[in-house]
Amino acid sequence: MTNVHHPSPVDGPSPLTGCPAHPGAVRMHTEELQADPAELYRRLRRDHGAVAPILLDGDIPAWLVLGYRELHRVTSDPTLFARDSRRWHAWEYIPADWPLMPFVGYRPTMLFAEGAEHERRAEAMFDALASVDQFELRAESERVADELIDVFAGSGRAELVADYASQVPIRVVTRLFGLAPDTAVAIQRDTVEMVTANDGSVAAYQRVHNRMVTLMAEVRRNPGMPGIPAQMAAHRAALTDEEIVNDLIGTVYASHQSTTDWIGNALGLMLTDERFAVTMAGGRRSIGQALNEVLWENTPVPAFIGRWAAEDTILGGQRIKKGDCLVLGLAAANADPSVRPDFRADASGNQAHMSFSHGEHSCPVPARELAEVISMTAIEVLLDRLPDVVLAVSPEELVWRSSIWLRGIAALPVEFTPALG
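Just so it is clear: in the sequence shown, position 259 is 259 by UniProt numbering, and no numbers are missing.
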């Protein structure tokens with residue numbers, strides 16, 4: 001496995017005692033999470049408080065941070081709750097083909113960097129993303145959206161997740177990278193496989209890695225080529241090809257499936273919630289309101305792994321040991337009764353959610369802005385082109401893809417008046 005390996009703890013070994021024992025821990029890879037994650041979070045909060053003991057794949061112990069204030073504390077203190085996974089004391093129990101290895105195996109990437117090194121890497125990524133002209137991005141997103149709608153507009157029927165929402169982000173992002181359009185399909189398939197955390201995740205990661213290595217070789221041969229990779233290669237941070245490749249993979253992972261589900265979940269909300277069901281042609285509530293509500297209610301990334309305790313500490317009444325792994329419960333924190341907004345009481349402008357995380361390792365502001373432009377444009381173009389689109393099944397028949405890491409509507413079958421010509 002290229003560039004993903006079992007690291008040695010940065011501060012020396014601190015072996016687990018009784019691993020995989022974790023008294024009272026709840027397995028997070030069960031049907032309960034698929035069926036009703038909100039109820040699972042309520043039960044965990046009731047039984048354990050703001051921080052709950054959980055078991056990841058293979059019954060590997062970790063802590064799920066459920067409380068909004070506790071999550072804010074963890075993400076605000078990178079010295080105590082560090083990002084470098086080499087601090088984990090459980091590495092001797094982790095198999096090389098562990099499904100979550102693409103997310104926890106240390107790599108020289110911005111995601112695992114700390115201190116001054118993280119600042120150097122983050123600055124390069126921030127500047128590269130900020131260099132994207134948002135007017136051009138919107139125009140590109142409109143072109144991609146129109147191309148996709150043209151394929152099914154004459155039929156009067158479509159499945160908006162597979163035919164549309166899952167296609168728009170990856171096609172736009174691959175063009176921002178300077179990749180050929182035909183590469184989008186392969187990267188989309190591998191990215192979905194990678195983030196699903198199954199037996200094929202490691203191999204999928206390797207294929208994406210190989211494509212980014214090939215892309216960087218082309219950038220070095222043609223330093224004047226447009227795109228985010230070229231911007232990073234020319235940055236004053238003087239990143240190596242290995243550093244750029246790893247950060248590009250993180251960008252693909254973060255931008256594709258999460259933006260796909262942001263679009264799909266927002267469309268699902270607008271097609272099923274009576275508050276949005278005025279008319280498709282101009283009378284609907286703001287698309288921005290739907291996108292914001294989704295981040296609170298059904299955020300595409302419910303949890304993120306992770307942080308590793310640099311010292312023994314107390315968090316949410318739990319004793320956290322040095323080297324313990326903490327999973328950021330983004331959806332659970334958004335559902336914390338102490339902060340949860342009531343959208344039926346016109347709380348649509350409340351953007352204090354944790355869906356982009358918080359602190360220096362949160363989703364970079366330019367990345368959030370680009371994802372919002374892509375999502376907003378995709379929905380606007382769809383409603384403009386298909387103003388009478390309606391759900392082709394009852395809302396109760398919709399199925400959610402749900403895991404600890406991802407949540408999205410699996411399919412959105414719709415009907416509309418076929419376009420002429």
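A virtual CB, placed ideally from N, CA and C, is assigned to each residue, including glycine.
Since this is a predicted model, take the numbers as computed values, not measurements.
Along the chain, where does the beta strand (DSSP E) that runs through residue i open and close?
i, result
"Glu147", "Per DSSP, Glu147 belongs to no beta strand (DSSP E); it is in the alpha helix (DSSP H), 134 to 152."
"Glu117", "That residue, Glu117, is in no beta strand (DSSP E); its alpha helix (DSSP H) goes 115 to 130."
"residue 423", "The shown model of the chain, from 1 to 421, leaves out residue 423, and the question about it has no answer."
"Pro53", "51 to 56"
"residue 422", "Since the displayed the chain opens at 1 and closes at 421, residue 422 lies outside it and no answer follows."
Would you list the one or two residues that DSSP bridges to residue i?
i, result
"Leu391", "Val414"
"Gly408", "Arg401"
"Ile320", "Thr313"
"Glu31", "BP columns for Glu31 are empty, so no partner."
"Leu64", "Ala52, Val327"
"Phe304", "Leu328"
"Ala82", "Trp308"
"Val26", "Ile54"
Which residue's Cα is closest to the Cα of residue i: the options?
i, options, result
"Arg344", "Leu326, Ala290, Leu391", "Ala290"
"Ala82", "Glu114, Asp59, Tyr93", "Glu114"
"Asp261", "Phe304, Thr30, Ala237, Ser402", "Ser402"
"Pro37", "Asp57, Arg319, Asp77, Leu66", "Leu66"
"Arg124", "Asp247, Val74, Glu297", "Residue 124 is actually Ala in this sequence, not Arg. Among Asp247, Val74, Glu297, the Cα nearest to that of Ala124 belongs to Asp247."
"Met376", "Ile404, Leu391, Ile287", "Ile287"
"Leu33", "Gly408, Val414, Pro418, Leu420", "Gly408"
"Leu330", "Thr75, Trp308, Leu176", "Thr75"
"Glu193", "Glu396, Glu140, Trp405, Ser141", "Trp405"
"Ala25", "Val365, Glu39, Leu55", "Leu55"
"Arg42", "Arg340, Trp308, Phe276, Cys325", "Arg340"
"Arg46", "Ala332, Ala411, His358, Ala410", "Ala332"
"Arg238", "Val327, Leu326, Arg120", "Reading the sequence as shown, one finds Ala at residue 238 and not Arg. Ranking the options by Cα distance to Ala238, first place goes to Arg120."
"Trp91", "Pro53, Arg73, Ala62", "Ala62"
"Pro95", "Ile60, Ala116, Val219, Asp84", "Ile60"
"Phe177", "Glu218, Ala158, Arg157, Glu147", "Glu218"
"Gly306", "Lys321, Phe112, His256, His235", "Phe112"
Taking the straight line between their C-alpha atoms, what separation do you get for residue i and residue j?
i, j, result
"Met354", "Tyr68", "8 angstroms"
"His118", "Glu242", "15 angstroms"
"Phe416", "Asp182", "29 angstroms"
"Asp163", "Leu271", "17 angstroms"
"Gly268", "Arg86", "40 angstroms"
"Gly240", "Val173", "First, the residue type needs correcting, since residue 240 is Thr and not Gly in the sequence shown. Distance between the alpha carbons of Thr240 and Val173: 22 angstroms."
"Ile149", "Gln188", "18 angstroms"
"Leu64", "Gly154", "47 angstroms"
"Ile170", "Val393", "27 angstroms"
"Gln351", "Thr313", "30 angstroms"
"Ala180", "Ala233", "19 angstroms"
"Leu100", "Ser201", "8 angstroms"
"Leu315", "Phe304", "18 angstroms"
"Leu383", "Ala139", "16 angstroms"
"Ala281", "Asp388", "Any reading at Ala281 is ruled out, since the residue's pLDDT is 48, under 50, leaving its predicted position unreliable."
"Thr79", "Ala310", "7 angstroms"
"Val381", "Val414", "16 angstroms"
"Asp273", "Val294", "12 angstroms"
"Pro226", "Pro395", "43 angstroms"
"Leu160", "Glu142", "16 angstroms"
"Trp400", "Ala35", "8 angstroms"
"Gly349", "Pro302", "21 angstroms"
"Thr2", "Thr109", "Residue placement at Thr2 cannot be trusted, given a pLDDT of 47 that sits under 50; the coordinates are not used to answer."
"Ala204", "Leu71", "30 angstroms"
"Glu397", "Phe103", "33 angstroms"
"Arg157", "Arg385", "13 angstroms"
Excluding five sequence neighbours on each side, which residues of the same chain lie with their C-beta closer than 7 angstroms to the C-beta of residue i?
i, result
"Phe356", "Ser362, Cys363, Arg368"
"Leu370", "Leu129, Val132, Leu137"
"Trp98", "Asp57, Gly58"
"Thr259", "Pro169, Ala371, Ile374, Ser375"
"Ile244", "Met216, Pro229, Met232, Ala233"
"Ile249", "Val208, His209, Met212"
"Ala410", "Val161, Val399, Trp400, Arg401"
With a CB to CB cut of under 6 angstroms and the five nearest residues on each side skipped, what residues in its chain are close to residue i?
i, result
"Ala378", "Ala145, Val168, Ile263"
"Ala419", "Ala153, Gly154"
"Pro165", "It should be noted that the sequence gives Ala, not Pro, for residue 165. Hits under 6 angstroms: Thr260, Ile263, Gly264."
Over what stretch of residues does the alpha helix (DSSP H) that includes residue i continue unbroken?
i, result
"Arg340", "First-last for Arg340: undefined, no H or E at that position."
"Glu92", "It is not in any alpha helix (DSSP H) - Glu92 carries neither H nor E in the DSSP assignment."
"Glu396", "Counting along the chain, Glu396 falls outside any alpha helix (DSSP H), and DSSP gives it neither H nor E."
"Glu293", "287 to 297"
"Leu383", "365 to 385"
"Ser258", "241 to 272"
"Gln206", "201 to 221"
"Pro169", "168 to 177"
"Met232", "228 to 233"
Excluding five sequence neighbours on each side, which residues of the same chain lie with their C-beta closer than 8 angstroms to the C-beta of residue i?
i, result
"Val390", "Leu271, Val414, Glu415, Phe416"
"Pro366", "Phe126, Leu129, Ala130, Val132"
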